[in-house]
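Participant:
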Amino acid sequence: METKSVVKVGSRKSQLALIQTNSIINNLKKLNPHLTFEIISMQTTGDKVLDAALSKIGEKNLFTRELEVALEKNEVDFVVHSLKDLPTLLPEGLLIGCVYKRDSPFDAVVMHPSNAGKKLEDLPSGSVIGTSSLRRAAQLARKFPNFQFENIRGNLNTRFRKLDEDNKYSAIILAEAGLHRMGWQDRISQVLDKDTCMYAVSQGAMAVECRSNDPFTLGLLSQIHDPETVIQCVAERAFLKKLEGGCSVPVSAYTEVKDGKLSLTGGVFSIDGTRGRIECVCKDLPKSFEEKEKLNISPNGPRQFAGIVGNEKVSIETLEVAQKVGEEIAELMLKSEAKDILANAKAETAAAIIAEKQRKEAEKKKNEAEKIQTNGHNAHLVTANGH
Ligand code: DPM
Numbered sequence: 013m014e015t016k017s018v019v020k021v022g023s024r025k026s027q028l029a030l031i032q033t034n035s036i037i038n039n040l041k042k043l044n045p046h047l048t049f050e051i052i053s054m055q056t057t058g059d060k061v062l063d064a065a066l067s068k069i070g071e072k073n074l075f076t077r078e079l080e081v082a083l084e085k086n087e088v089d090f091v092v093h094s095l096k097d098l099p100t101l102l103p104e105g106l107l108i109g110c111v112y113k114r115d116s117p118f119d120a121v122v123m124h125p126s127n128a129g130k131k132l133e134d135l136p137s138g139s140v141i142g143t144s145s146l147r148r149a150a151q152l153a154r155k156f157p158n159f160q161f162e163n164i165r166g167n168l169n170t171r172f173r174k175l176d177e178d179n180k181y182s183a184i185i186l187a188e189a190g191l192h193r194m195g196w197q198d199r200i201s202q203v204l205d206k207d208t209c210m211y212a213v214s215q216g217a218m219a220v221e222c223r224s225n226d227p228f229t230l231g232l233l234s235q236i237h238d239p240e241t242v243i244q245c246v247a248e249r250a251f252l253k254k255l256e257g258g259c260s261v262p263v264s265a266y267t268e269v270k271d272g273k274l275s276l277t278g279g280v281f282s283i284d285g286t287r288g289r290i291e292c293v294c295k296d297l298p299k300s301f302e303e304k305e306k307l308n309i310s311p312n313g314p315r316q317f318a319g320i321v322g323n324e325k326v327s328i329e330t331l332e333v334a335q336k337v338g339e340e341i342a343e344l345m346l347k348s349e350a351k352d353i354l355a356n357a358k359a360e361t362a363a364a365i366i367a368e369k370q371r372k373e374a375e376k377k378k379n380e381a382e383k384i385q386t387n388g389h390n391a392h393l394v395t396a397n398g399h
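Per this note's numbering: the sequence shown = residues 13 to 399.
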């Protein structure tokens, strides 16, 4: 097996991405003081497209593609992600080599400074809540039908600026984990419990993606694989995978590992929140879920569960149960009215993607026309066509 002294790590350029990358590197450094880690940062499509909701952009691997290309080209050895941004199907040859111990998976409310100290229930009817997550808007609309939900995009720094300066939003909803990592926990007014807003699949967990044929990196990452988080995230991702969810439909989860059992609650909602279906499945986990399992690397790499490897810390048998729990919830959903809710949500999102593309094209044409006009050429033609 090849060994290295310098490990190259890919990261998005946003502050949150770099904080996450550095936190994984610091953990690995403690365990492997002889290694040097070098960060190679880059922008992804998700960082560049800032004016549309994620669900309206219509691609699954917005935040990951450019980094995955760098992995495939051997330009980097691993990439740190928020697991919730990683599609359930990874490119051939790549996998999730570890999932780090999960932080809070819940969503949190950040109030406009004029509402400091308030809770959502204290806000007047008609208040504008900023979120571009269909899942958050759908679930909150059930509990707060008199609020208006509006898109807010950009990295976390941009969103805070928009909240504080635009005076448009009464509050915004963000993942508690991201707020803590950025050091902004003081701005959290309220953490939403599972009865108000179940979280996104894998929210709050960081994952590290690497090449399946790189045993050196896989071995390194296995040191920080967290068994309980892995069990939860395999179940949640298996659920999403079977539903063919992604961020185009409001799908949510709530998972518990307790007394040797794994229980997963899955939720599927219509975009306006008026319809929803919640299912729960609970199964016993094998006796000792940390029993030793050899890193059994075949030519295709180790066995994966919704893209995540099993390793010596969490047995294949355990991950099989976790995967089954997720798949069974999806099967229950697909036998219920959730199937129709999902199909409608997908169609609505697809229509929104087309509308978004048309809006962009129209905007582009308008800009071009204005350019021509200011240049003084064909002014009459532009006026006749465009205005
Ligand atoms: C995905 C969603 C969002 C991010 C959709 C969802 C939030 C939507 C948005 C798939 N990725 O949750 O329903 O407002 O654009 C993202 C954040 C984190 C990872 C920020 C956040 C931080 C923490 C983590 C964006 N991805 O959700 O506030 O989960 O580890």
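Even for Gly, the Cβ is constructed at its ideal location relative to N, Cα and C.
Can you have a look at LEU43 and say buried or exposed, based on whether 16 or more other CB atoms are within 10 angstroms of its CB?
Facilitator: Working through the sequence shown from its first residue, we reach residue 43 at position 31. Flag for LEU43 reads exposed.
Participant: Go through its chain and collect everything with a Cβ distance to ASN73's Cβ below 6 Å, but skip five positions before and after it.
Facilitator: For the purposes of this step, residue 73 is identified with residue 61 of the sequence shown, where counting begins at 1. Around ASN73: PRO99.
Participant: Could you tell me the alpha carbon to alpha carbon distance between TYR112 and ALA219, rounded to whole angstroms?
Facilitator: Locating residue 112 in the sequence shown gives position 100, where the first residue counts as 1. Locating residue 219 in the sequence shown gives position 207, where the first residue counts as 1. Rounded to whole angstroms, TYR112 to ALA219 spans 6 Å at the Cα level.
Participant: Using only the alpha-carbon positions, how far apart do SER2 and GLN235 sit?
Facilitator: Given that the chain is displayed from residue 13 to residue 399, the structure contains no residue 2 and the question cannot be resolved.
Participant: Assuming contact is defined by CB atoms lying nearer than 7 Å, are SER53 and LYS16 in contact in what I supplied?
Facilitator: Within the sequence shown, numbered from 1, the residue matching residue 53 stands at position 41. Within the sequence shown, numbered from 1, the residue matching residue 16 stands at position 4. No, the Cβ-Cβ distance between SER53 and LYS16 is not below 7 Å.
Participant: Could you please give me the residues that DSSP links to MET54 through a beta bridge?
Facilitator: Here residue 54 refers to the residue found at position 42 of the sequence shown. Note: MET54 sits in a beta bridge opposite ARG24.
Participant: Relative to the C-alpha of GLN335, which residue among ILE320, ALA187, SER348 and ARG114 is closest?
Facilitator: Counted from its first residue, the sequence shown places residue 335 at position 323. Out of ILE320, ALA187, SER348 and ARG114, ILE320 has the C-alpha closest to the C-alpha of GLN335.
Participant: Suppose the cutoff is 7 Å on Cβ atoms and the five residues either side in sequence are ignored; what does the same chain contact list for GLU340 look like?
Facilitator: Residue 340 sits at position 328 when you count from the first residue of the sequence shown. For GLU340, where only same-chain residues beyond five positions count, the Cβ hits under 7 Å are VAL293.
Participant: If you compare alpha carbons, which of GLU343, LYS206 and LYS20 is closest to GLU84?
Facilitator: Working through the sequence shown from its first residue, we reach residue 84 at position 72. When each option's Cα is compared against that of GLU84, the closest is LYS20.
Participant: So, under 8 Å CB-CB, MET345 and LEU255 are touching, yes? Tell me the CB distance rounded to an integer number of Å.
Facilitator: By 1-based counting over the sequence shown, the position of residue 345 is 333. By 1-based counting over the sequence shown, the position of residue 255 is 243. Going by Cβ atoms, the distance from MET345 to LEU255 rounds to 6 Å, so yes, they are a contact pair.
Participant: Quick test of your reading: HIS77 and THR56, contact by CB under 8 Å. State the CB separation rounded to the nearest angstrom.
Facilitator: Residue 77 sits at position 65 when you count from the first residue of the sequence shown. Residue 56 sits at position 44 when you count from the first residue of the sequence shown. The question names His, but residue 77 is Arg in the sequence shown. The pair is a contact, with the Cβ atoms about 7 Å apart (cut-off 8 Å).
Participant: Between GLN27 and ASN169, how many whole angstroms is the CB-CB distance? I'm expecting something under 8 Å.
Facilitator: Within the sequence shown, numbered from 1, the residue matching residue 27 stands at position 15. Within the sequence shown, numbered from 1, the residue matching residue 169 stands at position 157. Between ASN169 and GLN27 the Cβ distance is about 6 Å, and since that is below 8 Å, they are a contact.
Participant: Would DSSP call THR286 helix, strand or coil?
Facilitator: Here the question's residue 286 lines up with position 274 in the sequence shown. Three-state DSSP puts THR286 in coil, outside helix and strand.
Participant: For a test of your reading of the model: does the CB of LEU297 fall under 6 Å from any non-hydrogen atom of the ligand DPM? Yes or no.
Facilitator: As a first step, residue 297 is located in the sequence shown; it is residue number 285 there, counting from the start. Checking every heavy atom of the ligand DPM against the Cβ of LEU297, none is found closer than 6 Å.
Participant: What are the complete beta strand (DSSP E) segments, minimum 3 residues, inside the region 197-229?
Facilitator: Within the region 197-229, the complete beta strand (DSSP E) runs of at least 3 residues are 200-203 and 218-223.
Participant: Should ALA250 be counted as a contact of the ligand DPM given a C-beta to heavy atom distance under 6 Å?
Facilitator: Sequence index remark: in the sequence shown, residue 250 carries index 238 (1-based). The answer is no for ALA250.
Participant: Where PHE317 and THR330 are concerned, what is the direct C-alpha to C-alpha distance, given to the nearest angstrom?
Facilitator: Reading the sequence shown from its first residue, position 305 is the one you call residue 317. Reading the sequence shown from its first residue, position 318 is the one you call residue 330. PHE317 and THR330: Cα-Cα distance of roughly 11 Å.
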